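Visitor: Protein chains in written order, with this note's numbering: chain A, 1 to 199; chain B, 1 to 477.
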Amino acid sequence: MSLFVCSTAIRLSTFIKVLVLQGLLLFGFFIIRLNEINITNLILLLLETVIFKSIIIPSFLKYIIKKNKLTREAEPYISNFSSIFIFTFANLILFFLANTLEGGVFQNIYFVGAVSTIFSGFFLIILRHKIITNVIGFIILENGVVILSLAVGKEMPMLVNLGILLDIFVTVLVLGIFANKLGDVFKEGEVDQLNQLKD
Amino acid sequence: MAIIIYLAAVAIFISGILIFRKKTTNYIFSILFIALQWTFNVYEYNHRNIEQLQYFNPDSIGLILLFVLSIVSTASLYYSFIFFKHTNDTPRSKSIYFAALITLITSLSCAYIANHIAIMWIFVELTTLSSAVLVYHNRSSKSLEAAWKYLFISSISVALIFIGILFLGLAVQEAKLDGIFFSVLLKNATLLDPFWLKAAFLLIFTGFTVKAGLVPMYTVGIDAKDKAPSPASAIFSSAIMNMGFLGIFRLFEVISKTGIHKWACMVLIISASLSVFISAAYMVRVKNFKRMFAYSSIEHMGIMMLGMAVGGIGYYGAILHLILHSFAKSSLFYQTGAIFRVMKSKLIKDSGNYFGYNTFGAITLILGFFIITAMPPSGMFVSEFMIFRSMFEAKYLWLLIIIVILLCFIIWAMGKNLFKLLFSKLENAQIIEKDMEKISFVESIPQLILFLTVIYIGFYPPPFVQNLIQQALVNLK
């Protein structure tokens, strides 16, 4: 779990590897958590995490990066040191908050992991100015939501399934159509170029 | 069962439109769809409050919105045909447009009558996808930007709603209830843990503000309404905003039975008054008619939320305002389509002398101006008056004064821009008056009908509308 959190904290040039790692880790969580649920459900979830999250999405992102020649690293608005610092600090606060909450219904460790993943997703979306980094931030956010649904939804497999299916659907659409088009139209892929619409 | 038939028929229509890609098939399937939509609507009205397929339950508030949607979508499809008469889109993009519009209307209908919050969430997601396709209709870099922003921010908001649903699920598990059905939540509201309920309300509220057009996440909605074709913008600023309202309303109903009702009202009041403020601030310096109307929608949604937060007669006023605003605003968006065809521009500075070029449309627009600013012949005057009265009774006098001052700014800004369009001299040198398109008066008649409906429903609400509104508010008393 801590590896997971750290891997999102470093996130500079190795985004895609991080995504693969996250997909595999999700696979691990599912094995630990869901072995008591019926077998088709299990297979569906595992296929989704392994094949979709750790193979298809990363390779698709790689394709987009290659196609649009985005060789430069995503430079953040604030320095690396301060971003790691802020992130660690936020995680500490999250840990304490989660410990003050009552356990029982959910396991604290999953909950903390999920919330910090969601947080890092937002962090990426807000503080980076490449479109592709925003998309990666969104995928990390979605991963966080999946973990959260694991932490919370022990008795709601339907909800977990729904969330994951829609997750697939949206990411395919967001990535497939629009990210590609944006790459074609706005060559640099900087968010700053998306400022034509304003008052 | 009816819902399955409805969805299957819609699927057939959409695939028909996408496969044949002809003008006539677009016509035929759209007309068939409208017939289907009305049949479905009447069927649901006759089976109200009966659970269907376990996950759907057409209650009164859902039915009100369904009726509004059916009326607006009929008009929107009519104006879509007019829109395509004057553009040279390829058959492919036309058929994609119609398929997306029909998907949007269908998913909105299902979202209105869903009884389970996760089912509603799925249809909300579907509306996001189909409306992004509509926003991208023009295939320009600006519309791409708008579509991207809309899709991205909406996806984030949908993820937020899902987190909220999970928290709600926690509360439900702790209370040992079965499933997150709205009806179950309403019955057992007091059993739910207030902490999780608060967290869920905050997240779900924030998520739905994208659709409803409230602070904090109103921005992408403005871009979407600006860039989509005007018949689609009409649906964006009526039916989709209503869906956002409904999402907040359903949870608010549950919360109003618990101890955190006051807190939730405070959240609504803060967001609503900021929305009115932002709308006023942008209205004064807006440069484009469609964006102006989009900001005006934000103002009206803010006023509705104030009515919801304050309570009393404000509840009734808010629902009435919701209905009337949907008709008035969609009809104004249809008129912007005609304005664009005459002036060849949406910009306020390029417009003028509309009264001379399209007299009947201009008269409709003047009527629309009075209706949307809630001046006395308008039915929205009645609903706004109810909301303000409830604020007065609930001792929110200072807030009321501030809101009224902001409304004055909005009326002034809107009047200035619209009267420039109507009466001032045309200064756009690129337009030659002889080439200017003549707009037939027939086109403005549906708008006129919608405006007159607003006046009629405002002053003499038919008994069945009154009944529906009162039944919708049963849980809030």
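Even for Gly, the Cβ is constructed at its ideal location relative to N, Cα and C.
Only a predicted model underlies this, so the values are computations on that prediction, with no experimental measurement involved.
#1: Closer than 7 Å by beta-carbon distance: list the chain B residues that pair up with L148/A, in chain order.
#2: Between A159/B and V145/A, how many whole angstroms is the CB-CB distance? I'm expecting something under 8 Å.
#3: Based on the DSSP output, what are the partners of Q52/B in its beta bridges?
#4: Using a Cβ cut-off of 8 Å (strictly closer), state whether N91/A contacts chain B.
#5: May I ask you to report which of helix, strand or coil DSSP gives L347/B?
#6: Extract the residue ranges of the alpha helix (DSSP H) inside the stretch 339-386 of chain B, only unbroken runs of 4 or more that lie entirely within it.
#7: Taking a contact to mean a Cβ-Cβ separation below 8 Å, would you say S237/B touches F293/B in this structure?
#8: In the structure shown, what three-state DSSP assignment does P461/B receive?
#9: Under the three-state reduction of DSSP, which class applies to N188/B: helix, strand or coil?
#10: I'd like to know if the stretch 143-154 of chain B and the stretch 112-119 of chain B are in contact, where contact means that at least 3 CB-CB pairs between them fall below 8 Å.
#11: Pull up the CB-CB distance for S154/B and V220/B, whole angstroms please, since I reckon it's below 8 Å.
#12: The alpha helix (DSSP H) with R291/B in it runs from where to where?
#13: Is any beta-carbon of chain A found at less than 8 Å from that of A159/B?
#14: Run down chain A in chain order and give the residues with a C-beta less than 7 Å from the C-beta of I410/B.
#15: For F95/A, write down the residues that DSSP places opposite it in a beta bridge.
#16: Quick check on this structure: which residue in I260/B, S107/B, N188/B has the alpha carbon closest to the alpha carbon of M243/B?
#17: So what does DSSP say about K130/A, is it helix, strand or coil?
#18: Assuming N88/B is part of the alpha helix (DSSP H), what are its boundary residues?
#19: Name, please, each residue of chain B whose Cβ falls closer than 9 Å to the Cβ of N99/A.
#20: Spatial neighbours of A328/B within its chain, please: C-beta separation below 6 Å, excluding the five flanking residues on both sides.
#21: Taking the alpha helix (DSSP H) that M1/B falls in, what are its first and last residues?
#22: By how many angstroms is the C-alpha of G302/B removed from the C-alpha of G361/B?
#23: Note down the Cα distance separating N138/B from F87/A, rounded to an integer number of angstroms.
#24: On the DSSP bridge assignment, give the partners of F181/B in chain order.
#25: I'd like to know if the stretch 301-320 of chain B and the stretch 45-52 of chain B are in contact, where contact means that at least 3 CB-CB pairs between them fall below 8 Å.
#26: Under 8 Å between C-beta atoms, does N134/A make it to chain B?
#27: I'd like to know whether the C-beta of I16/A is nearer than 8 Å to at least one C-beta of chain B.
#28: Please report the straight-line C-alpha distance between L365/B and Q335/B, rounded to a whole angstrom.
#29: Taking the straight line between their C-alpha atoms, what separation do you get for F340/B and A171/B?
#30: Answer with buried or exposed for V135/A, where buried requires no fewer than 16 other C-beta atoms within 10 angstroms of its C-beta.
#31: For K187/B, count the other beta carbons within 10 Å of its own beta carbon; 16 or more makes it buried, fewer makes it exposed. Which is it?
#32: Interface residues of chain B around L24/A at Cβ under 8 Å?
#33: Counting Cβ pairs closer than 8 Å, one from the stretch 417-425 of chain B and one from the stretch 349-356 of chain B, do we hit at least three?
#34: For E48/A, which residues in chain B fall below 7 Å Cβ to Cβ?
#35: Does the contact criterion of 3 or more C-beta pairs under 8 Å hold for the stretch 160-169 of chain B versus the stretch 269-280 of chain B?
#36: In chain B, which residues lie less than 8 Å from L141/A when you measure between Cβ atoms?
Guide: Once the coordinates are examined:
#1: Correct list: I163, L166.
#2: 5 Å between Cβ atoms; contact.
#3: Partner(s): F56/B.
#4: Output row for N91/A: interface = no.
#5: Here L347/B sits in strand by DSSP.
#6: Within the stretch 339-386 of chain B, the complete alpha helix (DSSP H) runs of at least 4 residues are 354-357, 359-372.
#7: A contact, by the Cβ cut-off of 8 Å.
#8: P461/B: coil per DSSP, three-state reduction.
#9: Annotated three-state conformation of N188/B is coil, per DSSP.
#10: Remark: fewer than three beta-carbon pairs, one from each stretch, lie closer than 8 Å, so the stretch 143-154 of chain B and the stretch 112-119 of chain B are not flagged as touching.
#11: With 8 Å as the limit, S154/B and V220/B qualify as a contact, their Cβ atoms being about 7 Å apart.
#12: Start and end: 289-310.
#13: Yes, A159/B lies at the interface with chain A (some Cβ there is under 8 Å from its Cβ).
#14: The premise fails here: I410/B is roughly 14 Å from chain A at the closest Cβ pair, so nothing lies under 7 Å.
#15: None; F95/A has no bridge partner.
#16: Cα-wise, what sits closest to M243/B is S107/B.
#17: Strand, per DSSP.
#18: Segment: none, N88/B is in no alpha helix (DSSP H) and carries neither H nor E.
#19: Residues of chain B whose Cβ lies closer than 9 Å to the Cβ of N99/A do not exist; the shortest such Cβ separation is about 15 Å.
#20: Answer for A328/B: I371, I372, V454, listed in chain order.
#21: Note, M1/B: premise wrong, no alpha helix (DSSP H); not H, not E.
#22: Approximately 29 Å between the Cα atoms of the pair.
#23: Cα to Cα, the separation comes out at about 41 Å.
#24: The partner list for F181/B (beta bridge, DSSP) reads H116/B.
#25: Result no; under three Cβ-Cβ pairs closer than 8 Å.
#26: Closer than 8 Å to some Cβ of chain B, the Cβ of N134/A qualifies, so yes.
#27: Put simply, the CB of I16/A is far from chain B, with every gap to its CB atoms at 8 Å or more.
#28: Taking the CA atoms as reference points, L365/B sits about 7 Å from Q335/B.
#29: Here the alpha carbon of F340/B sits roughly 51 Å from the alpha carbon of A171/B.
#30: Buried, because 16 or more other Cβ atoms sit within 10 Å of the Cβ of V135/A.
#31: Here K187/B is exposed. Its C-beta has fewer than 16 other C-beta atoms within 10 Å.
#32: Contact of L24/A with chain B by beta-carbon distance below 8 Å is absent, the smallest such distance being about 22 Å.
#33: Yes, since at least three Cβ pairs between the stretch 417-425 of chain B and the stretch 349-356 of chain B fall closer than 8 Å, the two stretches touch.
#34: What E48/A touches in chain B: nothing, since even the nearest Cβ is about 16 Å away.
#35: Because the criterion of three Cβ pairs below 8 Å is not met, the stretch 160-169 of chain B and the stretch 269-280 of chain B do not touch.
#36: Within chain B, I156, A159 have C-beta atoms less than 8 Å from the C-beta of L141/A, given in sequence order.
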